[in-house]
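Undergrad:
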Amino acid sequence: MLDVLISISFSIVLIWIVFRWISRSEMPPAETADPPHEEAAILFREGVVEHASPLAARAFPLIPGHQEWGDLREIFQDRFPGFPATQDEVTSDPIYLTGGPHAAGEAATIERVGKSIRLTLTVPHTGAEDLPPEILEELSTLRLLAAVDPCAAWCVDASGDVVWSNPAHDALRAAMRDPPEDPLVPLIPADADLSARHCIALSGSADPIWLQLERHEKQNGALFVASNETRVVTAEEARRDFVQTLSKTFAHLPTGLAIFNRSRRLMLFNPALADLTGLPIEFLGPRPTIDTFFDTLRERRQMPEPKDYIGWRQRVNDMVSAAQSEGFEETWVLESGQTLRVKGQPYPDGALAFLIEDISAEVSLTRNFRTELELGQNLLDTFEDAIAVFSQAGLLTFSNLAYDRMWGFDGALSFADVTIHDAVDLWRAQTENRVNWQRLRETVLTFGERDGFDLTVKRTGAPERQCRVTPLSAEATLVRFCTPPSVPALPVPLQMHE
């Protein structure tokens, strides 16, 4: 019986405990006793922010020891309309400000305390002190990053109004020539083209700045970041002007120019290229590849047919790939009789430049000059006198057949230059009489005015010859070995008749 009573009593107690637990779990949570507002303090002294309370440092981008009054005003003027423009407006009488549309429920008190200015901000309680220290540290770092970031950044809400901006944005707005009157209107429209750069005119400056806009979507709005691309735009304009200057210069060159980029496409050409190759502008304009370029030249017979065209083109490709060789140079003789000099030069960045020059007149002049030289040589070979011509430097420039036979000289077998010293040694070795070779040598090597003279030369086993030295133009000297003139007969005396 006692056991039954104990069991019943234990059951009743257990039921009461469970009932109490269920009742407590269904009760609404107790209201927190945290204050609805809290204060943040900022101390301004000797021209800079001297101190900021932990709440102020967390809530606003403050850097003690660096920010002046103008920096404070940029931070708080949108938050608290009527924020003093200068610190001189602050006296010992407190200035009370209420928060604007984006700072509802906030208030600020500004007053001068001795040599310092105290700014007390009343902001709604956020419970930030309950956050872990690492979260607070990260938040402080992010706010500092936004404060020192040189890129202008701002956030807009779903309606497109600016709800937050960093100091770089505020400084840019202040420097604009015609900024939006409404601070809620962004510097650049939210629907602006993100692929284009945007020009911003600055007050007091003739040079604008160029911004590249980025948009990052976020909850109930978007974040915009504008980076300064002015240097990039200036460099691109300078490069474009330089290319235009080169193009104008190349347009007047008689040499055809074709520049291919690393993708083997024609990037630049001048009118002379079309004139020399006969390729139409309609073909060159769409930027053909280098293979198509040479294939078309081959089809139009504007280049000689190589014995191995595939191998020749492979050699050009290898030269481009190596980009370390000295290039190549070829002379193309076309069926029309035109002669072209083609030079190819690779560059380390993969580009390749071709220069095509018409040398038909040069080749024709060279041929005519060579023909005249051969004609003059043949003419000298018909003379019986042995003739040798020495240059200003004392080098044997040419001799005739009679000279070669007389002295046993074969210029075709001589690989080195023959000087006047070599010639005198040859003559002395075959001469049996005494000849003033020194005078002859000095005359050949003397600059300026010179006089001609004659010498008598008696070769071994041969009749005497007269060596006649004659100065020529361009400081050259003619040495001629000829048969001395015969002694003329005496005239018959006249008979006197009585």
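Take 7 as the starting number for the sequence shown in the working numbering and just add one per residue. We put the beta carbon where it would ideally sit given N, CA and C, even for glycine. Please read these numbers as outputs of a predicted model, since none were measured by experiment.
Mind checking who residue 50 pairs with in its DSSP beta bridge?
TA: Taking the first residue of the sequence shown as position 1, residue 50 is located at position 44. Answer is 55, 123, bridged to residue 50.
Undergrad: Within this structure, are the beta carbons of residue 49 and residue 124 separated by less than 8 Å?
TA: The sequence position of residue 49 within the sequence shown is 43, counting from 1. The sequence position of residue 124 within the sequence shown is 118, counting from 1. Yes.
Undergrad: Closest to residue 209 by C-alpha separation, out of 232, 181, 256, would be which residue?
TA: Taking the first residue of the sequence shown as position 1, residue 209 is located at position 203. Ranking the options by Cα distance to residue 209, first place goes to 181.
Undergrad: Establish whether the CB of residue 57 and some CB of chain E are separated by less than 8 Å.
TA: Among the chains in the structure shown there is no chain E, since it carries only a single protein chain.
Undergrad: Can you tell me whether DSSP reads residue 287 as helix, strand or coil?
TA: On the sequence shown, position 281 is the one that residue 287 refers to. Looking at residue 287 - three-state DSSP - the assignment turns out to be helix.
Undergrad: Give me the residue from 490, 386, 251 with the minimum Cα distance to residue 469.
TA: Along the sequence shown, read from residue 1 onward, the residue named residue 469 stands at position 463. The option with the nearest alpha carbon to residue 469 is 490.
Undergrad: Identify whether residue 36 lies in helix, strand or coil by the three-state DSSP scheme.
TA: By 1-based counting over the sequence shown, the position of residue 36 is 30. With a pLDDT of only 40 at residue 36, under the threshold of 50, the placement of this residue in the model should not be trusted; the figure read from the coordinates follows. If DSSP states are grouped into helix, strand and coil, residue 36 belongs with coil.
Undergrad: Quick one: Cα of residue 3 to Cα of residue 107, how far?
TA: Look at the range of the chain in this structure, 7 to 504, and you will see that residue 3 is not part of it.
Undergrad: Is the separation between the beta-carbon of residue 214 and that of residue 205 shorter than 8 Å?
TA: Here the question's residue 214 lines up with position 208 in the sequence shown. Here the question's residue 205 lines up with position 199 in the sequence shown. In contact: residue 214 and residue 205 (Cβ atoms closer than 8 Å).
Undergrad: Going by C-alpha to C-alpha distance, which of 440, 311, 472, 319 sits closest to residue 298?
TA: What you label residue 298 is simply residue 292 of the sequence shown in a count that begins at 1. Cα-wise, what sits closest to residue 298 is 319.
Undergrad: Going by the CB atoms, is the gap between residue 266 and residue 358 shorter than 8 Å?
TA: Walking along the sequence shown from the start, residue 358 turns up at place 352. Walking along the sequence shown from the start, residue 266 turns up at place 260. Closer than 8 Å, so yes.
Undergrad: Excluding five sequence neighbours on each side, which residues of the same chain lie with their C-beta closer than 6 Å to the C-beta of residue 2?
TA: With the chain running from 7 to 504 in the structure shown, residue 2 is simply not present.
Undergrad: Taking the C-alpha atoms as reference points, what is the distance between residue 119 and residue 51?
TA: Translated into the one-based positions of the sequence shown, residue 119 becomes position 113. Translated into the one-based positions of the sequence shown, residue 51 becomes position 45. The alpha-carbon atoms of residue 119 and residue 51 are separated by roughly 10 Å.
Undergrad: Please report the straight-line C-alpha distance between residue 115 and residue 212, rounded to a whole angstrom.
TA: For the purposes of this step, residue 115 is taken as residue 109 along the sequence shown, with counting starting at 1. For the purposes of this step, residue 212 is taken as residue 206 along the sequence shown, with counting starting at 1. Taking the straight line from one Cα to the other gives about 42 Å.
Undergrad: Please classify residue 34 as buried or exposed, where buried requires at least 16 other C-beta atoms within 10 Å of its C-beta.
TA: Position 28 of the sequence shown, counted from the first residue, corresponds to residue 34. Its pLDDT being 42, under 50, residue 34 is placed unreliably in this model, and the value from its coordinates should be taken loosely. So residue 34 counts as exposed.
Undergrad: Any idea what DSSP makes of residue 346, helix, strand or coil?
TA: As a first step, residue 346 is located in the sequence shown; it is residue number 340 there, counting from the start. Residue state, collapsed to three classes: strand.
Undergrad: Under a three-way DSSP split, which group does residue 178 fall into?
TA: Here residue 178 corresponds to residue number 172 of the sequence shown, with the count starting at 1. DSSP places residue 178 in helix when its eight states are reduced to three.
Undergrad: Can you say whether residue 487 is buried or exposed, counting buried as having 16 or more other CB atoms within 10 angstroms of its CB?
TA: Along the sequence shown, one-based indexing puts residue 487 at 481. Residue 487 should be labelled buried.
Undergrad: Identify the residues that DSSP records as bridge partners of residue 161: which are they?
TA: Counting from 1 along the sequence shown, the entry for residue 161 is found at position 155. Paired residue(s): 170, 229.
Undergrad: Exposed or buried, what is residue 31 when buried is set at 16 or more other beta-carbons lying within 10 Å of its beta-carbon?
TA: For the purposes of this step, residue 31 is taken as residue 25 along the sequence shown, with counting starting at 1. Any answer about residue 31 is weak, because its pLDDT of 39 lies below 50 and its placement is not dependable; what the coordinates show is given next. Answer is exposed; the Cβ neighbour count stays below 16.
Undergrad: Excluding the five sequence neighbours on either side, which residues of its own chain have a C-beta within less than 7 Å of the C-beta of residue 272, listed in chain order?
TA: Residue numbering aside, residue 272 sits at position 266 when the sequence shown is read from its first letter. The residues are 264, 266, 290, 293, 294, 299.
Undergrad: In its own chain, which residues sit with a C-beta less than 7 Å from the C-beta of residue 503, not counting the 5 before and 5 after it?
TA: For this step, residue 503 is matched to residue 497 along the sequence shown. Residue placement at residue 503 cannot be trusted, given a pLDDT of 42 that sits under 50; what the coordinates show is reported in the next sentence. Here the set comprises nothing.
Undergrad: Helix, strand or coil for residue 234, going by three-state DSSP, please let me know.
TA: What you label residue 234 is simply residue 228 of the sequence shown in a count that begins at 1. The answer is strand: DSSP assigns residue 234 an E or B state.
Undergrad: Grab the span of the beta strand (DSSP E) containing residue 394 for me, first residue to last.
TA: Counting from one through the sequence shown, the residue named residue 394 turns up at place 388. 392-396 is the span of the beta strand (DSSP E), which, as asked, contains residue 394.
Undergrad: Is it the case that the Cβ atoms of residue 413 and residue 430 are separated by a distance below 8 Å?
TA: Locating residue 413 in the sequence shown gives position 407, where the first residue counts as 1. Locating residue 430 in the sequence shown gives position 424, where the first residue counts as 1. No, the pair does not count as a contact, with Cβ atoms beyond the cut-off.
Undergrad: Which term fits residue 459, buried or exposed, when burial requires 16 or more other beta carbons within 10 angstroms of its beta carbon?
TA: Translated into positions along the sequence shown, residue 459 becomes position 453. Label assigned to residue 459: exposed.
Undergrad: Name, in chain order, the residues that DSSP records as bridge partners for residue 338.
TA: For the purposes of this step, residue 338 is identified with residue 332 of the sequence shown, where counting begins at 1. Residue 338 is bridged by DSSP to 346.
Undergrad: Tell me which residue opens and which closes the alpha helix (DSSP H) that residue 428 is part of.
TA: Working through the sequence shown from its first residue, we reach residue 428 at position 422. 426-435 is the extent of the alpha helix (DSSP H) around residue 428.
Undergrad: Sort 466, 129, 94, 122 by Cα distance to residue 103 and report the nearest one.
TA: One-based indexing of the sequence shown puts residue 103 at position 97. Considering only alpha carbons, the answer is 129.
Undergrad: What are the boundary residues of the alpha helix (DSSP H) that includes residue 81?
TA: For the purposes of this step, residue 81 is taken as residue 75 along the sequence shown, with counting starting at 1. Where residue 81 is concerned, the enclosing alpha helix (DSSP H) stretches over 75-82.
Undergrad: Can you look up residue 352 in the DSSP assignment and give me helix, strand or coil?
TA: As a first step, residue 352 must be located in the sequence shown, where it is residue number 346. Residue 352: strand per DSSP, three-state reduction.
Undergrad: So, do the segment 215-233 and the segment 250-259 have three or more beta carbon pairs nearer to each other than 8 Å?
TA: no
Undergrad: Are residue 176 and residue 80 closer than 8 Å when you measure CB to CB?
TA: If you number the sequence shown from 1, residue 176 lands on position 170. If you number the sequence shown from 1, residue 80 lands on position 74. For residue 176 and residue 80, yes; Cβs fall inside 8 Å.
Undergrad: Rounded to the nearest angstrom, what separates residue 402 and residue 245 at their Cα positions?
TA: Position 396 of the sequence shown, counting from 1, holds the residue named residue 402. Position 239 of the sequence shown, counting from 1, holds the residue named residue 245. Between residue 402 and residue 245, the alpha-carbon positions lie close to 55 Å from each other.
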